[in-house]
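Chain order of the listed sequences is A and B. Using my numbering, the first residue of the first sequence is number 1, and each one after it goes up by one. Using my numbering, the first residue of the second sequence is number 214, and each one after it goes up by one.
Number of protein chains: 2
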Amino acid sequence: MAQINPPLTSGENRSGAAQNILEVAGQLFARSGYDGVSINEIANEAGVSKANIFHHFKSKKGLYLAALNKACSLSAGVLEDNAVESSDDSSDRVRHFLSSHLEVLLQQPLATRLIQRELLDGAEGNGKELAEKVFAETFEKITDLVRDVQAQGAIKSSIDASLLAFLMVGANVFFFENRDLMAHLPGIDFAGAPDRYSEAVFELLAHGFEGQS
Amino acid sequence: MAQINPPLTSGENRSGAAQNILEVAGQLFARSGYDGVSINEIANEAGVSKANIFHHFKSKKGLYLAALNKACSLSAGVLEDNAVESSDDSSDRVRHFLSSHLEVLLQQPLATRLIQRELLDGAEGNGKELAEKVFAETFEKITDLVRDVQAQGAIKSSIDASLLAFLMVGANVFFFENRDLMAHLPGIDFAGAPDRYSEAVFELLAHGFEGQS
DNA sequence: TTACTGACCAACCGATTGGTCAGTAATGGT
DNA sequence: ACCATTACTGACCAATCGGTTGGTCAGTAA
């Protein structure tokens with residue numbers, strides 16, 4: 001009958017075939033969006049029958065939500081491990097966050113793209129709430145990071161912590177979104193070099209563009 | 214027979230019904246994406262028969278490209294008028310660009326969203342090249358603006374003009390993308406206030422977050 | 001009147017959509 | 001060895017997809 005009702009946040013503990021389906025679906029949904037992929041396509045790509053997909057997932061939307069869920073927990077998990085490292089002295093924590101956050105985005109292009117797409121399409125459904133929740137949690141952690149560093153005096157007290165957090169995330173997401181496009185733009189030398197980009201963004205955000213040097 | 218081969222860049226000079234179809238299609242494509250809208254839906258929403266759509270446009274893709282084209286020329290045109298105003302003294306030109314560019318994005322949410330979607334979906338087709346071209350032209354003008362101000366000494370010579378331009382556009386696009394989501398985020402006070410956001414971004418970009426105040 | 005036009009539509013086409021169902025393999029506990 | 005549960009499939013379904021058909025209708029020029 002209907003598959004086990006999934007109270008799981010992630011897409012783990014599914015057996016072989018189901019995981020395979022989930023992964024293939026994630027790739028295709030990330031590439032072409034929900035409406036741009038058919039169950040037949042997923043079935044062919046995954047090497048299983050169409051009916052088998054409906055055996056493991058109750059509907060196309062269910063499969064999509066499962067893939068989105070997996071992407072979300074994957075993205076949130078890796079971010080948690082990498083970006084919040086607080087070992088360094090405060091002045092380097094912002095720099096470290098910028099580069100490692102961008103690295104995380106680039107290491108999981110599929111998950112990032114799926115979430116990004118959901119935030120764009122999201123018609124106030126389950127999926128959007130999920131993506132929003134992930135985004136909100138991530139954003140809160142980053143804001144806290146900024147406030148920490150701010151309390152230690154390395155960031156002006158007049159700066160709005162949430163604005164700085166917003167700008168940093170935005171700079172990275174915008175880089176991710178347009179990484180293919182940038183190659184066609186004139187005069188950009190940080191196109192394929194996220195490290196150089198992160199460093200330059202940090203430098204600009206830290207000291208501003210006014211004054212002479 | 215087949216409609217007039219359109220050597221036009223914009224969607225103008227189409228007569229009543231065709232323009233209506235084009236506008237409705239633009240709205241729906243912006244809302245749900247190419248695959249998320251059917252010809253039937255467009256026909257119903259526009260109050261015309263499905264066949265009539267194919268009378269004015271040679272295919273669904275043709276209709277989509279026409280809508281995208283219209284959005285592109287619209288977006289590029291308004292930007293040209295508003296953002297490049299060079300009357301002010303150099304120190305205010307960056308500030309003025311930031312706010313007016315964001316204003317343009319917000320004033321044309323449909324066009325902006327359509328282009329944004331095409332840049333995300335774009336499978337190396339005609340549409341993506343179109344959107345890339347618009348983006349490239351816009352970006353080049355902004356970079357030139359930055360270089361101008363830089364030549365007048367109001368921006369450090371050590372700053373990469375294209376990076377600053379990239380960051381400014383990114384800050385605005387990111388704001389546009391997430392303007393609905395921001396209301397749900399904790400601690401953001403510039404959610405519904407693009408003017409305040411623009412000012413804060415300028416302040417941060419100009420002076421940086423380091424030091425005390 | 002006649003001839004011709006573009007705008008417009010209902011009905012229809014084959015293909016594909018998401019989804020169902022009966023039936024067959026495989027699996028594992030007893 | 002048996003049986004119950006699960007994994008899996010091909011055949012099938014109604015609905016919808018993008019697109020085509022044959023044809024009506026108002027206007028306009030000869």
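For glycine and all other residues, C-beta sits at the position ideal for the given N, C-alpha and C.
C-beta contact flag for V169/A and H101/A at 9 Å: yes
Taking contact to mean at least 3 C-beta pairs separated by less than 8 Å, is the stretch 107-115 of chain A in contact with the stretch 65-84 of chain A? yes
Identify every run of the alpha helix (DSSP H) within the stretch 146-210 of chain A, keeping only runs that are complete inside it and at least 4 residues long; order them along the chain. 161-177, 194-207
Cα-Cα separation, P186/A to E350/B: 9 Å
Please report the straight-line C-alpha distance between V37/A and D248/B, rounded to a whole angstrom. 9 Å
Own chain, CB closer than 7 Å to A378/B, minus 5 neighbours either side, in chain order: F352, I355, T356, V359
May I ask you to list, following chain order, the residues of the stretch 342-363 of chain B that have a beta carbon less than 8 Å from some beta carbon of chain A? E345, F348, A349, F352, E353, T356
Please identify, using Cβ separations under 9 Å, the residues of the stretch 13-43 of chain A that lie next to chain B, in order along the chain. R31, S32, G33, Y34, D35, G36, V37
Taking the Cβ atom as the reference point for each residue, do I368/B and V307/B lie within a distance shorter than 9 Å? yes
Counting only C-beta atoms, is D160/A closer than 9 Å to chain B at any point? yes
If the cut is a Cβ gap below 9 Å, which residues of chain B does P186/A touch? A349, F352, E353, T356, S375
Could you name the residues of chain A that D334/B contacts, counting a contact when the two beta carbons are closer than 8 Å? S32, G33, G36
Can A67/A and G33/A be called in contact, C-beta distance under 9 Å? no
Exposure label - P194/A; buried when at least 16 CB within 10 Å: buried
Taking the straight line between their C-alpha atoms, what separation do you get for A344/B and K61/A? 30 Å
Label F111/A either buried or exposed according to how many other C-beta atoms from any shown protein chain fall within 10 Å of its C-beta, with 16 as the threshold for buried. Residue 111/A is actually Ala in this sequence, not Phe. Buried is the call here.
In whole angstroms, give me the CA-to-CA distance for L98/A and S198/A. 6 Å
Quick one: is I155/A near chain B, going by C-beta distance under 9 Å? yes
Is there at least one Cβ from chain B nearer than 9 Å to Q116/A's Cβ? yes
Taking DSSP as the reference, what is the three-state secondary structure of A238/B? helix
Taking 9 Å as the threshold (C-beta atoms), are A171/A and R179/A in contact? no
Expressed to the nearest angstrom, what Euclidean distance is found between the alpha-carbon atoms of L380/B and V237/B? 33 Å
Using the rule of at least 16 other Cβ atoms within 10 Å of the residue's Cβ for burial, across every protein chain shown, is A123/A buried or exposed? exposed
From I401/B to L163/A, what distance separates their C-alpha atoms? 7 Å
Report the three-state DSSP secondary structure of M1/A (helix, strand or coil). Confidence at M1/A is low in this model, with a pLDDT of 36, below 50, so its placement is unreliable and no value can be given for it.
On the DSSP letters alone, give me the boundaries of the alpha helix (DSSP H) that Q321/B sits inside. Counting along the chain, Q321/B falls outside any alpha helix (DSSP H), and DSSP gives it neither H nor E.
Please determine, among S303/B, K341/B, E316/B, N257/B, the residue with the shortest C-alpha to C-alpha distance to V386/B. E316/B
Best match in G125/A, R31/A, N52/A for proximity to P109/A [C-alpha to C-alpha]: R31/A
Against chain A: residues of the stretch 412-424 of chain B by CB proximity under 8 Å: A413, V414, L417, L418, A419, H420, G421, F422, E423, G424
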